[in-house]
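Using this note's numbering, read the sequence shown as starting at 19 and increasing by one per residue.
In this text, a Cβ means the ideal position worked out from N, Cα and C, and glycines have one as well.
Let me begin by presenting the structure, written as C-alpha cells, before commenting on it.
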Amino acid sequence: MNTPEAPLDIVIVIPVFNEEGNILPLAREVASTASRAGWHYQVLFVDDASKDRTWDEIGQAHQENPLIGGLCHPRNLGQSAALWTGFTWSQSVYIATLDGDRQNDPADLPRLRAEMETADFACGFRRNRNDSTVRRISSRIARWARRLVLRSDFQDTGCAMRVFRRECLRAVFCFNGLHRFMPILVAGAGFRTQEIEVNHRARSVGVSKYGIWNRLGRGIVDLFAVAWYLRRQIPHISPVRQISVDSPHVPHMPPPA
C-alpha cells in the first residue's frame, strides 16, 4: 500500500517510442498489478522523443494516477538510453522493466519480484512468442551467437521483463545495446540471476521499431565488445570484514587570550 511513510519498494521503468495507443491501457494494467501486490510503487514512462501523442498520453495517465510519471528525451537516443534515464531518475529498492508495446504481461511482475528472495536479478523468457517469423529466427541466431562468443546461454536476453535489486546497476554501464546484454553483464559480475517463463502477447496497436539490421546485425557486432568487457570485468565482491570509520575528532581549542 502506498503511504507517505513507507519506503519506495519498486519503480517500473517503461521505455516508449511512438506508442500513443498503448500508454493508457498499459499504465492502468501496471498500476492495477502493483496495487494488488501491495507495493509502494511508481510507474515511470521514458519517452524517447516520440513523434506522435505518446507524451500527451503519459500526461493523461498521470492525471488518472499520480503514481505514474514520465520523462522525455530531447531527441531519439534508443531503448538502452531510455532505460538508463529511468534507472538514473528512479529511487527504489527494486527496479522493474517492461516494453511499452503491451506484449509483456504486467501480471507476471509479482512472480519476478518474488524471486528477489533468493536472487538479485530475475529476467523473463518468452517460450511461446507472439512475434513475426523474422523476429523469432533473429532471436535463435542471437542465442547461438551468445553461446559461441560469450559462453553464456540465457534463453531470451531480448525479453524486456525484468525485476532486479538496485545494486545490480553497479555491474553495467550505459551504451547503445545495454538492454540486450544486461542479464549477461549482471551474471558476469557475480550477481545471482534467475530466468522465469513469462507470458507474451501479440501486439494489438502500433508497429515494431526493430528490423533485421537494428536487431540482429547490430546485436552480433555488439557481442565482440561485450566479450572484451566480460574478460576484464571485476566481479561484485561483498567484503567479509569491515572497520567503520568514525567521524573526524575535532579537538577542543581554548578561546584566544
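- prompt: Taking Cβ to Cβ, would you say Pro33 is nearer than 9 Å to Asp66?
  reply: Along the sequence shown, one-based indexing puts residue 33 at 15. Along the sequence shown, one-based indexing puts residue 66 at 48. The answer is yes: Cβ separation under 9 Å.
Query - Inter-residue Cα distance where the pair is Ala52 and Phe193 - result: For the purposes of this step, residue 52 is taken as residue 34 along the sequence shown, with counting starting at 1. For the purposes of this step, residue 193 is taken as residue 175 along the sequence shown, with counting starting at 1. Distance between Ala52 and Phe193, taken at the CA atoms: about 30 Å.
Threshold first: 4 residues or longer. Then list the alpha helix (DSSP H) segments lying entirely within the region 86-144, N to C. Listed in chain order, they are 97-107 and 127-132.
Notebook entry, point to check: Using CA coordinates, which residue listed in Phe242, Tyr247, Gln60 and Arg46 is at the minimum distance from Trp107?
Noted result: On the sequence shown, position 89 is the one that residue 107 refers to. Out of Phe242, Tyr247, Gln60 and Arg46, the CA that lies nearest to the CA of Trp107 is found in Gln60.
- Item | Bounding residues of the beta strand (DSSP E) (the contiguous stretch that carries Asp65) | Taking the sequence shown and counting its residues from 1, one reaches residue 65 at position 47. Per DSSP, Asp65 belongs to the beta strand (DSSP E) from Tyr59 to Asp65.
Quiz prompt | Classification of Ala140 by the beta-carbon crowding that lies within 10 angstroms, buried from 16 upward | solution = Along the sequence shown, one-based indexing puts residue 140 at 122. The residue is buried, with at least 16 neighbouring Cβ atoms inside 10 Å.
Measure the Cβ-Cβ separation of Ile30 and Ala114 and say whether it is below 9 Å. Taking the sequence shown and counting its residues from 1, one reaches residue 30 at position 12. Taking the sequence shown and counting its residues from 1, one reaches residue 114 at position 96. Yes, they are a contact pair.
Where the beta strand (DSSP E) containing Arg180 begins and where it ends: Along the sequence shown, one-based indexing puts residue 180 at 162. First-last of the beta strand (DSSP E) with Arg180: Arg180 to Arg183.
- What are the start and end residues of the alpha helix (DSSP H) that includes Val204? The count along the sequence shown starts at 1 and reaches residue 204 at position 186. Unbroken alpha helix (DSSP H) run through Val204: Leu196 to Gly206.
Subject >> Where Arg75 sits in the DSSP three-state scheme >> reply: By 1-based counting over the sequence shown, the position of residue 75 is 57. In the sequence as presented, Arg is not what sits at residue 75; that position holds Glu. It is helical.
### Message
Quick check on the DSSP output: the beta strand (DSSP E) that includes Glu213 runs from which residue to which?
### Response
Looking up residue 213 in the sequence shown gives position 195. For Glu213, the uninterrupted beta strand (DSSP E) run begins and ends at Thr211 to Glu215, by DSSP.
>> With DSSP as the reference, identify every bridge partner of Ile28, one or two as the case may be.
In response: Taking the sequence shown and counting its residues from 1, the one referred to as residue 28 is at position 10. Per DSSP, Tyr59 and Tyr112.
Discussion item. Using the Cβ count rule (16 or more neighbours within 10 Å means buried), how would you classify Pro124?
Written reply: One-based indexing of the sequence shown puts residue 124 at position 106. Flag for Pro124 reads buried.
Since I believe Arg71 is in contact with Glu38 (beta carbons under 8 Å), could you give me their beta-carbon distance rounded to a whole number of angstroms? Translated into positions along the sequence shown, residue 38 becomes position 20. Translated into positions along the sequence shown, residue 71 becomes position 53. That belief holds up - the Cβ atoms of Glu38 and Arg71 are roughly 4 Å apart, short of 8 Å.
Practice item. Would you identify the three-state DSSP class for Pro84, choosing helix, strand or coil? Key: As a working note, residue 84 is residue 66 in the sequence shown. Three-state DSSP puts Pro84 in coil, outside helix and strand.
If I measure Cβ to Cβ from Thr175 and keep anything under 6 Å in the same chain, skipping five residues before and after, which residues do I get?
Here residue 175 is taken as the residue at index 157 of the sequence shown, counted from 1. Annotation for Thr175: Arg198 and Pro201 place their beta carbon closer than 6 Å to its own, counting only its chain and skipping 5 residues before and after.
Problem set entry | Exposed unless 16 or more other CB atoms sit within 10 angstroms - verdict on Thr136 | The residue labelled residue 136 in the question sits at position 118 within the sequence shown. Burial call: exposed.
Given a cut-off of 9 Å, decide if Trp246 and Arg131 are closer than it, judged by their beta-carbon atoms. What you label residue 131 is simply residue 113 of the sequence shown in a count that begins at 1. What you label residue 246 is simply residue 228 of the sequence shown in a count that begins at 1. No; because the gap between Cβ atoms is not below 9 Å, this pair is not in contact.
Next item on the list: Look at the Cβ atom of Ile28, then the Cβ atom of Val190, and state whether they are nearer than 9 Å.
Entry: By 1-based counting over the sequence shown, the position of residue 28 is 10. By 1-based counting over the sequence shown, the position of residue 190 is 172. No Cβ-Cβ contact shorter than 9 Å links Ile28 with Val190.
query: Between Arg259, Gln260 and His218, which lies nearest to Arg120 when the distance is taken from Cα to Cα?
result: One-based indexing of the sequence shown puts residue 120 at position 102. Nearest to Arg120 by alpha-carbon distance, out of Arg259, Gln260 and His218, is His218.
CA nearest to the CA of Arg129, picked from Asp117, Gly142 and Ala79: As a first step, residue 129 must be located in the sequence shown, where it is residue number 111. Closest in C-alpha terms to Arg129, from the list Asp117, Gly142 and Ala79, comes Gly142.
Worksheet item: Cα separation between Arg210 and Val204?
Response: As a working mapping, residue 210 is identified with position 192 in the sequence shown. As a working mapping, residue 204 is identified with position 186 in the sequence shown. Taking the straight line from one Cα to the other gives about 8 Å.
Within this structure, are the beta carbons of Phe307 and Leu89 separated by less than 9 Å? No statement about residue 307 is possible, as the shown extent of the chain runs from 19 to 275 and does not include it.
Output the distance between the C-alpha atoms of Thr21 and Leu85, rounded to the nearest integer angstrom. In the sequence shown, counting from the first residue as 1, residue 21 sits at position 3. In the sequence shown, counting from the first residue as 1, residue 85 sits at position 67. Confidence at Thr21 is low in this model, with a pLDDT of 48, below 50, so the placement of that residue is unreliable and no value is reported for it.
Exercise. Quick one: what's got a C-beta closer than 6 Å to Leu248's C-beta in the same chain, skipping five residues either side?
Worked result: Position 230 of the sequence shown, counted from the first residue, corresponds to residue 248. Same-chain partners within the cutoff: Gly206.
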